[in-house]
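The opening position of the sequence shown corresponds to residue 151 in the working numbering, with each subsequent residue numbered one higher. Note sheet for the following structure.
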Amino acid sequence: MSKNLSYLSGRKGLSANLFEELGTAVQKTGLLQESDMERIRQEFLVGKATLHGTVSFYDFLKPENQHKKVYVCNGSACLCAGTQPELKEKLSRHFEAHEIGEMCCLGRCHENAAFHYGGKNFSGKAIDQIEEILEEEISLEDNYQVGVYGTPVLTLPFPGFSAYEDILKSCFQRPIAELSEELKKSGLRGRGGAGFPMAIKLDSCRNTPAEQRFIVCNADEGDPGAYSDRYLLEKRPYSVLLGMVIAGYLADATVGVLYIRGEYPESISVIESAISEMEKHHLIGEDILGSGFSFHFKIIRAQGAYICGEETALLSSIEGQRPEVRVRPPYPAQKGLFNLPTVVNNVETLANLPFVMAEGGNAYGAIGTEKSRGTKLVSLDGYFRNPGIYEVDMGTPLSVVVHELGGGFKQAVKAMHIGGPLGGLVPVSKIDDLSIDFESFSREGFLLGHASIICIPENFPMILYIEHLFEFTAHESCGKCFPCRLGSTRGKEMLHKARTSGYTIDRKLMDDLLETLEIGSLCMLGGGLPLPVKNALEYFEEELKVYFKSEQN
């Protein structure tokens, strides 16, 4: 059925987009009216059940959010920082309880106390200026440190439109096969967590017969603790856009779609402005620089669903469907958006392409390690003395990131959750054993992922943190596969009972649950959850054993 719906949605393409139309209709009143549902259903020739399935899934389309005026971040970094109860108390002086909602995550992990009001995000001490914010008298910019250890690639300042014109002209004058070879030499792998070689995706897409192909930028950075993609979208937007144009040229795709989190309103406005500037300088549009190659952009504003960070769920979302994970194969490079060949890469991956094409694949490949080439952006949360975004060469010791770049911890920390909610839970005792690369983390039983770092302080109960991870997964599951949909909920229930009522968990039951999630889930949301839980059970056994039945029993 979903395949047929993809074809149906593709009739109108991206010019009149079903998902976009739903978001626009909700913005007017905060609730999708029956008249809007019927109008949209007739216009796009879809059934009521299809529309209901879509609308009822997304946080910002749900009827429950109709009367919400302000949203509090419920991400892992803000949870561990302990800032949100006081924040809610202060907001309750200005809003009724039913007017206060939640969002996850606002990407303000460097200073926490994050909330969203009036289409803008705030954090840190902004709550102390709530009166001015409500009167729209001020617009506060968040400031975080940006540093480099090694070779600047992603943090390089914008070189100007003439330099970008030179890069594109150079690309247009060279055979596609030659450019593809440069990309292969670079060893650039996906920075969203999977680490898949980018050149293979582009070649596969180009070699799949089709009249239309797409480049999709996955800017749905939903991993709590990560804000590196937000940095690139807001501070280095042109590198992202030029990367998409280059990717389009390599894959013979003429349309680029940026799927940007609704929780990042500033990112959307910055990218919109950057696209306009690139159009003025003839770096996008029809017949770019007289090359005969055309490339156009479309921005899709997401509506609050972590699962859309999974590439196939994201594609279903753009099509206006419920964002359920698709069974693979076929892979998006063969059958993606509207069942047409599509390359999906995250923001950081695409932003590397201008450097690769300007300096050459060998220059990029010389950075980092043999299997993890190039650099990586690392997000440090508010428990570091120097929180912010740091670009480091792959292979940089984690100890350098923690102690030199981050300046160490402000207070005692027992673990770091690295790589998002599905990443590894790293005890501080393992800092000296790890380096920032895919292989080091995999070898030690962790996952680099987005390379975001959330600190868990000594006084924060580990049982509460892993309960939070199960709860997050239960809320964000697309519901398509039983292991994720049911397993995450059962895990949350067991841990909550153990934490609050003296219930003791059967360890074998927990192990069986984790195994079922790991091997039975369709995607990494359910399949990745067991990793941090297993890490917690291994490294914090002494703290957690009180919640589990002893072997004697």
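We put the CB at the ideal spot given by N, CA and C, even for glycine. Bear in mind that the values here come from a model prediction, so they are computed numbers and not experimental data.
The beta carbons of Leu465 and Pro480 sit about 12 angstroms from each other, so the pair does not count as a contact at 8 angstroms. In this model, Leu318 and Ser549 are separated by some 39 angstroms (Cα to Cα). Ile568 sits away from Leu527, with the two beta carbons spaced by 9 angstroms or more. Taking C-alpha positions only, Cys259 is separated from Lys198 by approximately 39 angstroms. Shown here, Cys605 sits in a strand according to DSSP, grouped into three states. One Cα belongs to Pro325, the other to Arg635, and the distance between them is close to 47 angstroms.
Exclusion of the five residues before and after Lys647 leaves Tyr653 as the residues of its chain whose Cβ lies within less than 6 angstroms of its Cβ. Within the DSSP secondary-structure output, Glu252 pairs in a beta bridge with Val222. Going by DSSP, Asn271 is part of the beta strand (DSSP E) stretching over 270-272.
Considering only Asn215, Ser590, Ile468, Ile457, the residue with the shortest C-alpha distance to Pro374 is Ile457. Counting C-beta pairs with one atom in each stretch, the segment 281-291 and the segment 300-309 have fewer than three that are closer than 8 angstroms, which means they do not touch. For Asn685, same chain residues with a beta-carbon under 6 angstroms away, outside a window of 5 residues either side, are Gly574, Leu575 in chain order. Non-local C-beta neighbours of Ser671 in its own chain, meaning closer than 7 angstroms and more than five positions away in sequence, comprise Cys631, Pro633, Cys634, Gly677, ordered along the chain. Glu249 and Lys219 have their C-alpha atoms roughly 5 angstroms apart. A buried status is given to Ala175, since no fewer than 16 other beta-carbon atoms sit within 10 Å of its beta-carbon. Considering only Ser592, Ser602, Phe588, Val506, the residue with the shortest C-alpha distance to Val552 is Ser602.
In the structure shown, Lys658 falls within a helical segment according to DSSP collapsed to helix, strand and coil.
Burial is judged here by how many other beta carbons sit within 10 angstroms of a residue's own beta carbon; Val407 has at least 16 and is buried.
When the alpha-carbon of Asp402 is set against those of Tyr299, Lys430, Phe443, the nearest one is in Phe443. Per DSSP, the beta-bridge partners of Lys526 are Val542. Between Pro547 and Asp583, the alpha-carbon positions lie close to 8 angstroms from each other. The continuous alpha helix (DSSP H) containing His625 extends over residues 612-626. With a cutoff of 9 angstroms on beta-carbon distance, Gln471 and Gly412 are scored as not near each other. Considering only Cys254, Ile438, Glu693, the residue with the shortest C-alpha distance to Glu626 is Cys254. For Pro504, the enclosing alpha helix (DSSP H) stretches over residues 503-509. Distances from the alpha-carbon of Thr499 to those of Ile418, Lys485, Arg523 put Arg523 closest. The criterion of a C-beta distance shorter than 9 angstroms is not satisfied by Phe559 and Phe591. Going by DSSP, Phe364 is part of no alpha helix (DSSP H) but of the beta strand (DSSP E) stretching over 364-369.
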